[in-house]
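Below: one structure, written as structure tokens.
Protein chains: 2
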Amino acid sequence: MTYYSLVTNTDTQLDLHHIDDDACLKFQGAVELVGKRWSSGILLAIARGSERFSDIVSVVIGLSDRLLSQRLRELEIAGLIERVVVPTVPVQVRYRLTPKGADLMESLQPLASWRNRWAE
Amino acid sequence: MTYYSLVTNTDTQLDLHHIDDDACLKFQGAVELVGKRWSSGILLAIARGSERFSDIVSVVIGLSDRLLSQRLRELEIAGLIERVVVPTVPVQVRYRLTPKGADLMESLQPLASWRNRWAE
DNA sequence: CTGGATCCCTATCGATACTG
DNA sequence: CAGTATCGATAGGGATCCAG
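Here the protein sequences come in this chain order: B and F.
Heads up: the first sequence begins at 132 in the numbering used here, then just goes up one per residue.
Heads up: the second sequence begins at 132 in the numbering used here, then just goes up one per residue.
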């Protein structure tokens with residue numbers, strides 16, 4: 132039986148040939164979590180320094196406030212971002228990446244490179 | 132076109148400020164492409180050696196043949212997999228990763244590691 | 001400024017049945 | 001085996017209006 136070799140160089144990489152079914156589901160879940168519409172754009176915006184609600188809306192092209200609100204809740208539940216309320220008048224709300232979220236963004240860097248590599 | 136890095140060598144701090152809007156959209160597009168429902172599971176199944184239609188259905192839990200058919204077309208159009216028809220009786224069809232697709236799977240390994248690192 | 005609530009529309013999905 | 005066709009249900013999305 133022959134199959135594609137996905138493991139090429141370093142030993143730190145995962146060997147996808149021996150992933151069990153549970154890991155398969157986890158992998159799928161992880162990709163679909165961040166792959167949901169607008170999620171990655173929102174995360175990227177926050178990672179780039181857009182901490183405010185209105186900032187994110189203006190940075191992520193096409194994103195509506197309703198969807199942003201919804202996604203922010205999902206991302207917070209997923210533990211990727213944290214919501215910080217500053218009790219001023221009016222109230223200020225800031226969003227930042229959690230360590231888990233920041234680690235995720237780092238892990239997505241190879242994907243960004245891939246997109247760049249295969250851009251036509 | 133400026134090549135960029137999501138992570139600087141400075142510290143744990145992310146430096147994404149020099150990413151232009153075009154790259155932002157590309158990044159979002161790349162994540163959402165592979166993050167579509169079932170797509171990653173199908174790619175992983177093929178990467179693990181499931182070349183046949185029925186194999187993929189049985190390996191990816193919950194996936195219906197209709198959706199598999201649809202996703203396979205999308206992934207083929209995206210240039211991630213190739214469809215090989217062997218003219219026997221009955222016809223055999225095999226799917227495998229293209230170099231672009233294999234490269235993608237390698238680029239997703241850090242994400243799999245991330246999922247593993249932050250599993251509770 | 002930061003959303004919540006509502007309406008409505010479309011895309012997408014799962015199930016079922018069918019074909020070469 | 002490797003799909004296609006059809007259909008009803010539903011989830012997701014855009015637009016709009018409203019509130020603390």
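Cβ atoms here follow ideal geometry from the backbone N, Cα and C, with glycine treated the same way.
Note that this is a predicted model, so its numbers are computed, not measured.
Can you list the residues of chain F that residue i reaches, using a CB-CB cut of under 8 Å?
i: B:D234; result: W245, R248, W249
i: B:S181; result: In chain order: nothing, as chain F lies at least about 10 Å away.
Using beta-carbon positions only, say whether residue i and residue j come within less than 8 Å of one another.
i: F:E207; j: F:R197; result: no
i: F:I173; j: F:V162; result: no
Just the Cα atoms here: how many angstroms apart are residue i and residue j?
i: F:E237; j: F:T229; result: 12 Å
i: B:W249; j: B:A243; result: 10 Å
i: B:Q240; j: B:G166; result: 14 Å
i: B:G210; j: B:L164; result: 12 Å
i: F:S189; j: B:E251; result: 35 Å
i: B:Q159; j: B:I177; result: 24 Å
i: B:D186; j: F:R227; result: 43 Å
i: B:W245; j: B:V220; result: 45 Å
i: B:G180; j: B:K231; result: 17 Å
i: F:P218; j: F:I212; result: 19 Å
i: F:L235; j: F:E205; result: 15 Å
i: B:D153; j: F:N247; result: 11 Å
i: B:S200; j: F:S200; result: 34 Å
i: F:V222; j: B:F184; result: 55 Å
i: B:V216; j: B:S170; result: 21 Å
Which residue marks the beginning of the alpha helix (DSSP H) containing residue i, and which one marks its end?
i: B:L228; result: No alpha helix (DSSP H) holds B:L228; the beta strand (DSSP E) holding it covers 223-228.
i: B:E207; result: 196-208
i: F:W245; result: 240-248
i: F:I173; result: 170-178
i: F:V220; result: F:V220 -> no alpha helix (DSSP H), and no H or E assigned at all.
i: B:K167; result: No alpha helix (DSSP H) contains B:K167, which DSSP labels as neither H nor E.
i: F:I187; result: 184-190
Name the chain B residues that come within less than 8 Å of residue i, Cβ to Cβ?
i: F:I168; result: Going by the sequence as given, residue 168 of chain F is Arg instead of Ile. Under the 8 Å cutoff, chain B gives E163.
i: F:S200; result: Correct list: empty, because the minimum Cβ distance to chain B is about 18 Å.
i: F:S185; result: Under the 8 Å cutoff, chain B gives no residues; its nearest Cβ is about 16 Å from F:S185.
i: F:S189; result: Chain B residues near F:S189: none, gap ~11 Å exceeds 8 Å.
Sort the options by Cα distance to residue i and report the nearest one.
i: B:R225; options: B:D152, B:E182, B:L175; result: B:E182
i: F:W233; options: F:R168, F:W169, F:K157, F:L175; result: In the sequence as displayed, the identity of residue 233 of chain F is Ala instead of Trp. It is F:L175.
i: F:L194; options: B:S200, B:L156, B:L235; result: B:L156
i: B:R168; options: B:P218, B:V216, B:L203, B:D152; result: B:L203
Can you list the residues of chain F that residue i reaches, using a CB-CB cut of under 9 Å?
i: B:L242; result: F158, A161, V162, V165, L235, S238, L239, P241, L242
The beta strand (DSSP E) spanning residue i covers which residue range?
i: B:I212; result: 212-217
Could you work out which residues of chain B lie near residue i, taking near to mean beta carbons separated by less than 7 Å?
i: F:S195; result: Chain B residues near F:S195: none, gap ~15 Å exceeds 7 Å.
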